[in-house]
Amino acid sequence: MTSRASSSSADAAARLDAYVTKVLAAAPPLTELQRQRLAELFRPSRSSTNGSRQEPVFHSI
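Each residue of the sequence shown is one higher than the one before, starting from 1 at the first, in the UniProt record's numbering.
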């Protein structure tokens, strides 16, 4: 990657970071229920005793 491409990528990353920060700052805080649902989504899945993967459980929001 050239210096110019690296600079362009860094600029794009900085713009994206600024945009995400702006959007998150304008968003209302999460409710307790939303926080609980997000915690469930990000909780590591438990592996079963027979080693097979469990199917994901989807909850309506």
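By construction, the Cβ of each residue, glycine as well, lies at the ideal position given by its N, Cα and C atoms. Note that the coordinates shown come from a computational prediction; the quantities given were computed from them, not determined experimentally.
Taking the alpha-carbon positions, what's the aspartate 11 to alanine 25 distance? Stepping through the sequence shown from its first residue, residue 11 is reached at position 11. Stepping through the sequence shown from its first residue, residue 25 is reached at position 25. Looking at the two C-alpha atoms, the distance is approximately 21 Å.
CA-CA distance, glutamine 36 and tyrosine 19? Indexing the sequence shown from 1 puts residue 36 at position 36. Indexing the sequence shown from 1 puts residue 19 at position 19. One C-alpha to the other measures close to 26 Å.
Since valine 20 is in the alpha helix (DSSP H), which residue starts that stretch and which ends it? To locate residue 20, count along the sequence shown from 1; it is residue 20. That run of the alpha helix (DSSP H) goes 3-26.
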